[in-house]
Each structure stands twice: as C-alpha cells, then as structure tokens.
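K.L.:
Below is a structure I'd like to ask you about.
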Amino acid sequence: MLTELARFYQYLESERRYSVHTLSAYKRDLRDLVSYCESQKITDWTSITEKTVRAFVSTQHRQGLSGRSLQRQLSSIRTLFNFLCKHKILSNNPALGIPAPKSAKRLPETLNVNQINTLLSNTDNDPLSLRDLAMMELLYASGLRLSELTNLNLTDINWQELSLTVIGKGQKQRKIPFGRQALKALKAWLKIRATMLKGDETAVFISNRGTRISNVSVQQRLKKWALKNGLDTSLHPHMLRHSFASHLLESSKDLRAVQELLGHANLSTTQIYTHLDFQHLAGVYDKAHPRSRK
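Residues 804 to 1097 in the working numbering are what the sequence shown lists, from first letter to last.
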C-alpha cells in the first residue's frame, strides 16, 4: 500500500502541482485511512470496499471529527482511489457516493469597518511597522490568502493598473486591484525595504533577516497589532480576507465579482458571505424595528 501512496504523492506534487500545505493535508487524511486499514488487518487496496470506507467515516466521526473535516478527508480518499483506478490497481472507486455527516455551517469571523480602521491607523515609522501596515492593507484591500501575500514578488505589482498578479489554489493565476491606502502603505514600505534586504531577494515582504517573510511570522505580527490596537479578537490573516469579502458584498451585492476577486472555483464557496450579510441586516432589524425591540 505504501508504494502506491508514494506514487500518488509524487503525482500530486509533480503533475497536479499541489502546494506543500495541500500535500501535507492529503498525507494527514490518508494516514488516518491507512491506520484504520491496518487495525482491520487490510493490507492491500483491493480489499477496501464501500463498507470499509463507511465504517472508517463512522469511526472518525465517533472520535470527534467534524462533518466538514470528514468531507475533506473523503475528498482526499476519492482522489487517491481515482488515481488507483487510472493505474488499474482498482477496478472501481469504493468511496464514490459516500456522504460525510452534516455539520452546522460556521460563519467566518470578520472585523467591522471601525475595527479595520482602528487596526490600520498605524503611525509608527520604523521599518517593521511600515512593512506590517503594508501587509495588512494588502490583505484587506485585495482579499489575499496568506500564502498569496508571502509569495508576492516585486514583479507581481502593476503600478499603472494598481493591481497584483497572484497564484492561488490549484496554481490558478488571477489579477486583483488594490486601492489608494494600500498603495500609500506599499510605497512607504518599499522605500525602506532596501535597508533590510539581503542579496537579490525578490519578495515584496521580507523579514528582519532580509529574506522572504514566513507565514508564521505574518500570523504572529497580526496578533501583535490586534493586541496593540485593543482589538478584542485573535486576529489572523484569513479574517482580513473574510472582512474584505463581506464588506465588498455588503456594498456591491455582486456575488460573481466577489467570487472572481477571491479566486473561488465554485460560487457556493462565496455564498457563505451572503449569510454574513443577512446576519448584519437581521442585527439592524432587531435594533431598529419597534416590534422587535425588547
């Protein structure tokens, strides 16, 4: 079984060109399946049936795995079995049609406009503060994923169009605009970037060691700024992406445009923000309607 798994991971990396993060998620999901098979004395792929997969899902659910996590895990398993079918190791995919237990949809956490303004009202002029402000402005202005921010190169910025070219999930390229506040912060940062630079690093955002900043460093810096500005929330980069989408949809009502800007493959993924919008409207109603107030 392990030989075929190694070939599958090589396929994901070289042919599908999945990121290190996505590949790690696949390995984690399939490690659970292999462990379960070993516990059931199943030693080859052809012995796995639909009943086996259903029993595995039930076991994972009993151990506390959420419906959403199980959906992701089943997706990994189906992809593996499709690969095995393609290479004639299996004659059919035993995971097709097996549903994951449903779990309640959790709405993404966002900042309101006042909180955003508080967060981005930085007046410090030291290099790290200017860099952090430019990162936060871009995350909110363009709805970037964390990896899209840290992978951003100087050549990805179009100064005439005020746009960024990023590589998102599935190696899909998209172009995203950014506004004047992000432009101002970006220019201020790039003026002093050279004082921290080591060698010929092409990354827009670099660490104090002069090399491309890591995802973990960005996460830590955002938590620091939230604390410093008195925001009562555990701020993370994706919260700024969620806020970007929610505020844009609330103002424009253009779900398709927000889908394009976020780089979502399916409209259903973007529709979660319509629930946020309704939640906001319901809150206004509860506070304002005479027959709703206590």
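Ideal placement from N, C-alpha and C gives every residue a C-beta, glycine not left out. None of these values were measured; they are calculated from a predicted model.
#1: Can you give me the C-alpha to C-alpha distance between Thr849 and Leu893, rounded to a whole angstrom?
#2: Are the stretch 931-951 and the stretch 984-991 in contact at 8 Å, needing three or more beta carbon pairs?
#3: If Ser1049 sits next to Thr913, beta carbons under 8 Å apart, how far is it from one beta carbon to the other, in whole angstroms?
#4: If you draw a straight line from the C-alpha of Lys994 to the C-alpha of Thr1014, how long is it?
#5: Count the other C-beta atoms from every protein chain shown that fall within 10 angstroms of the C-beta of Leu936, then say buried if there are 16 or more, exposed otherwise.
#6: Are Gly971 and Arg948 closer than 9 Å when you measure CB to CB?
#7: Terminal residues of the continuous beta strand (DSSP E) containing Leu967?
#8: Within the stretch 808-845, note down every full alpha helix (DSSP H) run reaching 4 residues or more, in order along the chain.
#9: Among Ile979, Thr953 and Asn1032, which one has its Cα closest to the Cα of Asn1018?
#10: Can you list, in chain order, the residues of its chain whose CB lies under 7 Å from that of Leu883, leaving out five sequence neighbours each side?
#11: Is it buried or exposed, Arg951, if we count other Cβ atoms within 10 angstroms and call 16 or more buried?
#12: How big is the Cα-Cα spacing for Leu1064 and Asn956?
#13: Who are Pro980's beta bridge partners in DSSP?
#14: Opposite Asn956 in the DSSP bridges: which residues?
P.N.:
In this structure, then:
#1: Taking the sequence shown and counting its residues from 1, one reaches residue 849 at position 46. Taking the sequence shown and counting its residues from 1, one reaches residue 893 at position 90. Roughly 6 Å separates the two Cα atoms.
#2: yes
#3: Translated into positions along the sequence shown, residue 1049 becomes position 246. Translated into positions along the sequence shown, residue 913 becomes position 110. With a Cβ gap of about 5 Å, Ser1049 and Thr913 count as contacting.
#4: The residue you call residue 994 lines up with position 191 of the sequence shown. The residue you call residue 1014 lines up with position 211 of the sequence shown. If you take the alpha carbons of Lys994 and Thr1014, they lie about 17 Å apart.
#5: Mapped onto the sequence shown, residue 936 falls at position 133. Flag for Leu936 reads buried.
#6: Locating residue 971 in the sequence shown gives position 168, where the first residue counts as 1. Locating residue 948 in the sequence shown gives position 145, where the first residue counts as 1. Yes; because the gap between Cβ atoms is below 9 Å, this pair is in contact.
#7: Indexing the sequence shown from 1 puts residue 967 at position 164. That run of the beta strand (DSSP E) goes Ser966 to Ile970.
#8: 823-842
#9: Here the question's residue 1018 lines up with position 215 in the sequence shown. That would be Thr953, whose Cα lies nearest to the Cα of Asn1018.
#10: By one-based count along the sequence shown, residue 883 stands at place 80. Closer than 7 Å at the Cβ level, and outside the excluded window around Leu883, lie Phe811 and Leu833.
#11: Against the sequence shown, residue 951 aligns to sequence position 148. In the sequence under discussion, the amino acid at residue 951 is Glu, which differs from the Arg named in the question. Buried, by the Cβ-count rule.
#12: Sequence index remark: in the sequence shown, residue 1064 carries index 261 (1-based). Sequence index remark: in the sequence shown, residue 956 carries index 153 (1-based). Roughly 19 Å between the two C-alpha positions.
#13: Residue 980 sits at position 177 when you count from the first residue of the sequence shown. In the DSSP output, where bridge partners are listed per residue, Pro980 has Ser966.
#14: To locate residue 956, count along the sequence shown from 1; it is residue 153. Per DSSP, Ala1006.
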